[in-house]
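K.L.:
Those sequence lines, one after another, are chains A and B. Using the numbering used here, the first residue of the first sequence is number 1, and each one after it goes up by one. Using the numbering used here, the first residue of the second sequence is number 1, and each one after it goes up by one. Ideal placement from N, C-alpha and C gives every residue a C-beta, glycine not left out. Remember, it's a predicted structure, so these values are computed and weren't measured experimentally. If you scroll down you'll find the structure; I have some questions about it.
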Amino acid sequence: MKIMVETSVLIEASIFWKCNGQSVKGFSFDKCTGLLFFLQEHPEFGIVTKTVENEARNALDKAVLRTIRQTYFTDIKEKIRTMMMQHIVSNYCLDRLDKFVEECSSRLPVDTKERDRIKTQEIEPFLKDLVMKTVRYIQPSIPSFVKNREVREEITDVIVKSLPSKGIVYKGMPADRDLTIMAEATFICRKCKNKEKVYVASIDNHFIPNKVQVGSYLSGYKKYLENELDPTVRDSLATQFGFIGEEPAKILEIAKQETSGQTA
Amino acid sequence: MFNYVEGCERLRKMLNTFLVTGIDEVHLEPLDDLIKSSQIDEVKVLNSPQPLSQQRVLFGALRNIHGTTDEMRAKLRIARAIHENPKTVERALEMIDSLCAVAPYIDEFLTEGGTKESEKINELSRALYRKANYLGFYQNLATQLKQARISENDVEDFVKKLTENIEIEVETTDETL
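If you want it as C-alpha cells, here you go:
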C-alpha cells in the first residue's frame with residue numbers, strides 16, 4: 001500500500017502552536033498528525049510529491065499574508081511587531097512542514113510531461129463531465145409561497161427523508177492544483193501497475209467522500225445529514241484512475257491493519 | 001546606504017583573520033554593521049511603497065540576516081571567553097556563503113526600490129535560516145519572542161486567525177457554518 005499525502009493534510013499538521021499550556025490547531029489537526037506520525041515510523045508507505053510540498057508552502061504563504069492584511073496597524077511599531085510575529089510563526093510552521101516532508105516520504109520520480117497529459121486529457125475531461133451530474137447540496141423543490149423559515153426547514157427535512165435517491169453530492173470542479181495532484185496519484189498508480197493500493201490522504205472534499213448536505217436556498221437553511229457520506233465521485237475516480245481518496249484517520253486504520261497483518 | 005555584498009565580504013575577511021589570530025572583540029565592526037544595518041533596513045522595507053507580499057519577503061530575509069549575525073556575535077564572544085577558537089569561527093565561516101547568496105537581492109531592493117525575484121529571495125532566505133539553525137546561529141523561539149516583545153497571547157490570536165485562513169486557502173472550511 002502507498003499513501004500519498006495531499007496538501008490539506010500536510011498543511012493542517014504543520015500549523016500548530018503551544019502556549020500557556022494550551023495548543024492552537026486546526027479542526028482536523030489530530031487526524032492529520034496521527035497519520036503523519038505513523039508515516040514517520042513507516043516512511044516506506046508515504047509519498048509527498050514536489051507539487052504537494054510546493055502547494056503547502058504556497059498555501060501557508062497566502063494564509064499568512066491574508067492574516068497580516070486582517071491586522072490593523074495603528075503605527076509602524078505595530079506593523080514591525082506583527083511582521084516579527086508572522087516571521088517567527090511562519091518559520092516554526094515551515095520547520096514542522098519540512099520535518100514531515102523529510103521524514104514521512106519516499107519520494108517517487110514523477111514524469112511531469114506524462115502527468116500533465118493525464119491531467120489535461122484524462123482527469124479534467126472526466127471530472128468536467130461528471131460534475132455536470134452532481135450537486136453541492138440537496139435542495140428539495142418547495143413552492144416559493146411557503147415563506148416561513150421554520151416551515152421550509154421542516155418540509156425540507158421531510159422531503160429529504162422520503163427521497164429514494166439523493167443525487168450525487170460533490171463540491172464542484174476541483175482547482176487546477178487539485179487536478180495536478182490527482183494526475184500525480186494516477187501516475188503513481190500506473191507505475192505500481194495496480195499491484196499496490198494507492199490512497200490519497202486528504203481533508204479536501206474534492207478527494208474524499210462528501211458529507212451529504214441538505215438546504216433551502218430561500219431560507220438559508222443548511223445542515224449535514226448525520227453519518228451520511230456520498231462516495232460516488234471518489235469511487236468513480238478510483239475505478240477510472242486507481243487512487244482512493246480517503247480521510248487520514250480512516251487510512252491510518254487501514255495502514256495499521258496492514259502492518260499488523262504483515263508482522264503476524 | 002549600507003552595501004550587503006560588501007558587508008558580507010568584510011565579515012568573511014574578519015572571520016578568516018580570526019582563524020589565524022584568534023577572536024578579537026575589538027574588531028567585530030563588520031558584524032556590528034550587518035546587525036545594525038539589517039535592523040534599520042527592516043523598518044525601511046516596511047515603510048516602502050512596495051506590495052505587502054514583497055515587503056514580507058524582504059523583511060524575512062533581513063530578519064534572518066539580523067538573527068544570524070546577532071547570534072554569531074554572541075557565540076563569538078562566548079568562544080573568546082572560553083578560548084574555544086577556532087571551532088565557532090569555522091562554523092561562522094560556513095554561514096558566509098548563505099549570507100552572500102541573499103545579499104545582492106537585498107542591495108537590489110534597497111537601491112532600486114523593488115525586486116522581481118521575490119521567490120528566489122524567499123528560497124535563499126529560508127536556506128539561510130535553516131543553515132543558521134543547524135549550525136546553532138539562530139536564537140530559540142522563546143528568545144525571539146522576548147526580544148520582539150511579543151506575548152504568548154498575541155501569538156495565540158495570530159495562529160488562531162492563521163488556522164482559519166489556512167482552511168480558506170486549502171478549501172476545507174465547513175460550509176454549513
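Does DSSP classify Asn210/A as helix, strand or coil?
P.N.:
Translated into the one-based positions of the first sequence, residue 210/A becomes position 210. Note: Asn210/A maps to strand in three-state DSSP.
K.L.:
Determine the chain A residues that contact Gln144/B at a beta-carbon separation under 7 Å, and present them in chain order.
P.N.:
By one-based count along the second sequence, residue 144/B stands at place 144. Here the neighbours are Ile88.
K.L.:
For Met85/A, go through chain B and note every residue whose CB falls closer than 9 Å to its CB, in chain order.
P.N.:
Walking along the first sequence from the start, residue 85/A turns up at place 85. Near Met85/A (Cβ distances below 9 Å), the residues of chain B are Leu145, Ala148, Ile150, Asp154, Val155 and Phe158.
K.L.:
So Asp97/B is in the alpha helix (DSSP H); what residue range does that whole segment cover?
P.N.:
Position 97 of the second sequence, counting from 1, holds the residue named residue 97/B. Run containing Asp97/B: Lys87 to Glu112, per the alpha helix (DSSP H) assignment.
K.L.:
Measuring straight from C-alpha to C-alpha, what distance separates Glu55/A and Lys147/A?
P.N.:
For the purposes of this step, residue 55/A is taken as residue 55 along the first sequence, with counting starting at 1. For the purposes of this step, residue 147/A is taken as residue 147 along the first sequence, with counting starting at 1. Whole-angstrom Cα-Cα distance: 45 Å.
K.L.:
If we ignore side chains and look at the alpha-carbon of each, how far apart do Ala101/B and Asn64/B end up?
P.N.:
Here residue 101/B refers to the residue found at position 101 when the second sequence is read from its first residue. Here residue 64/B refers to the residue found at position 64 when the second sequence is read from its first residue. Taking the straight line joining both Cα atoms gives about 13 Å.
K.L.:
Residues in its own chain within less than 6 Å of Ala183/A by CB, not counting five upstream and five downstream?
P.N.:
Residue mapping note: residue 183/A aligns to position 183 of the first sequence, counting from 1. Excluding sequence neighbours, Ala183/A sits near Arg115, Ile118, Lys119 and Ile123.
K.L.:
I'd like the span of the alpha helix (DSSP H) that includes Ala175/A, first residue to last.
P.N.:
Numbered from 1 along the first sequence, position 175 holds the residue referred to as residue 175/A. Careful: Ala175/A lies outside any alpha helix (DSSP H) and carries neither H nor E.
K.L.:
Please work out which residues of its chain come closer than 8 Å, Cβ to Cβ, to Gly7/B, disregarding the five sequence neighbours upstream and downstream, and give them in chain order.
P.N.:
Against the second sequence, residue 7/B aligns to sequence position 7. So the qualifying residues of the chain are Pro30, Asp33, Leu34, Ser37 and Ala103.
K.L.:
I need the straight-line Cα distance from Thr180/A to Thr51/A, nearest angstrom please.
P.N.:
Within the first sequence, the letter at position 180 stands for residue 180/A. Within the first sequence, the letter at position 51 stands for residue 51/A. Cα-Cα distance, rounded: 8 Å.
K.L.:
Less than 9 Å separating the beta-carbons of Arg190/A and Gly242/A?
P.N.:
Stepping through the first sequence from its first residue, residue 190/A is reached at position 190. Stepping through the first sequence from its first residue, residue 242/A is reached at position 242. Yes, Cβ-Cβ distance for Arg190/A and Gly242/A is below 9 Å.
K.L.:
Any beta carbon from chain B within less than 9 Å of Ala249/A's own beta carbon?
P.N.:
Taking the first residue of the first sequence as 1, we reach residue 249/A at position 249. Not one chain B Cβ lies under 9 Å of Ala249/A.
K.L.:
Going by DSSP, what residues sit across from Tyr221/A in a beta bridge?
P.N.:
Counting from one through the first sequence, the residue named residue 221/A turns up at place 221. Answer is Ser216/A.
K.L.:
Across which residues does DSSP place Asp230/A in a beta bridge pair?
P.N.:
Within the first sequence, the letter at position 230 stands for residue 230/A. Bridge partners of Asp230/A: Asn210/A.
K.L.:
Can you find at least 3 beta carbon pairs, one from the region 75-87 of chain A and one from the region 19-35 of chain A, that sit closer than 8 Å?
P.N.:
Output reads no: the region 19-35 of chain A does not touch the region 75-87 of chain A.
K.L.:
Suppose you measure from the CA of Thr232/A to the CA of Glu156/B; what does that come to, to the nearest Å?
P.N.:
The sequence position of residue 232/A within the first sequence is 232, counting from 1. The sequence position of residue 156/B within the second sequence is 156, counting from 1. If you take the alpha carbons of Thr232/A and Glu156/B, they lie about 40 Å apart.
K.L.:
To the nearest angstrom, how far is the alpha carbon of Leu39/A from that of Ser105/A?
P.N.:
In the first sequence, residue 39/A corresponds to position 39, counting from 1. In the first sequence, residue 105/A corresponds to position 105, counting from 1. If I take the Cα positions, the gap works out to 7 Å.
K.L.:
Can a CB atom of chain A be found closer than 9 Å to the CB of Ser231/B?
P.N.:
Any question about residue 231/B goes unanswered here, given that chain B covers just 1 to 177.
K.L.:
Terminal residues of the continuous beta strand (DSSP E) containing Met4/A?
P.N.:
In the first sequence, residue 4/A corresponds to position 4, counting from 1. Note, Met4/A: beta strand (DSSP E), Lys2 to Val5.
K.L.:
Got a sec: is the Cβ-Cβ distance from Thr7/A to anything in chain B below 9 Å?
P.N.:
Locating residue 7/A in the first sequence gives position 7, counting from the first residue. It does; some Cβ of chain B falls within 9 Å.
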